[in-house]
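Visitor:
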């Protein structure tokens, strides 16, 4: 397969033969080639790699940004890839290589928003995340310990800081439901009794479902 089928129309004018490019001669970055290859297969190439012409370094057509993208594309059998060009000396080339990697290291996430976005994607393929990693994100997501609310007591209108309800999640398959502290206490109590009675938590989920079913029938 050539790259042309996976390069969007806007990047096609930038397409060059991969065989003409060379990796940066001392790239300190290691990349996850299988993950990059999966992204290229599913998403195509969505940004160009950066190549140094080499007039000032003596190393022509050297990739400064996108070394692992090009390597993954080669593994997939791509013949072409979209590239933009610079013509810089050794020091500037090294800076570009380092900063391209370092800015990714320094970046962070709004974890709650990331978890929300990932939860809305039915198929996590080519995102770099799997269901287990999304579940860990959701587990790590937390609300602030305090929340400022308007007081309804004396001096109404003043801002009072109150402890926010501690909460948790109930999750099964893709469903992830937030619950309040009062709601958390109910399964906690059932869990404590179940473990006390059985000396194990095996079958706890089925026990909870059966108890709810029996309560519905009794009602």
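Numbering (my numbering), first residue to last: 1 to 219.
Glycine included, C-beta positions come from ideal geometry on N, C-alpha and C.
1) Should residue 165 be labelled buried (16 or more other beta-carbon atoms within 10 Å of its own) or exposed?
2) What's the C-alpha gap between residue 12 and residue 106?
3) Given that a residue counts as buried once 16 or more other Cβ atoms are within 10 Å of its Cβ, and exposed if not, what is residue 43?
4) For residue 117, name the three-state secondary structure that DSSP assigns.
5) Where does residue 126 sit, in a helix, a strand or coil, going by DSSP?
6) Helix, strand or coil: which one does DSSP assign to residue 64?
7) Measure the Cβ-Cβ separation of residue 31 and residue 56 and say whether it is below 8 Å.
8) Rounded to whole angstroms, what's the CA-CA distance from residue 60 to residue 54? Just pull it up for me.
9) Which word fits residue 39, buried or exposed, when buried means at least 16 other C-beta atoms lie within 10 angstroms of its C-beta?
10) Compute the Euclidean distance between the alpha carbons of residue 65 and residue 27, then round it to the nearest angstrom.
11) What does the alpha-carbon distance come out to for the pair residue 209 and residue 110?
Guide: In short:
1) Residue placement at residue 165 is poorly supported in this model, since its pLDDT is 38, which falls under 50; the coordinates are not used for a value here.
2) 31 Å
3) exposed
4) helix
5) coil
6) strand
7) no
8) 4 Å
9) buried
10) 10 Å
11) 35 Å
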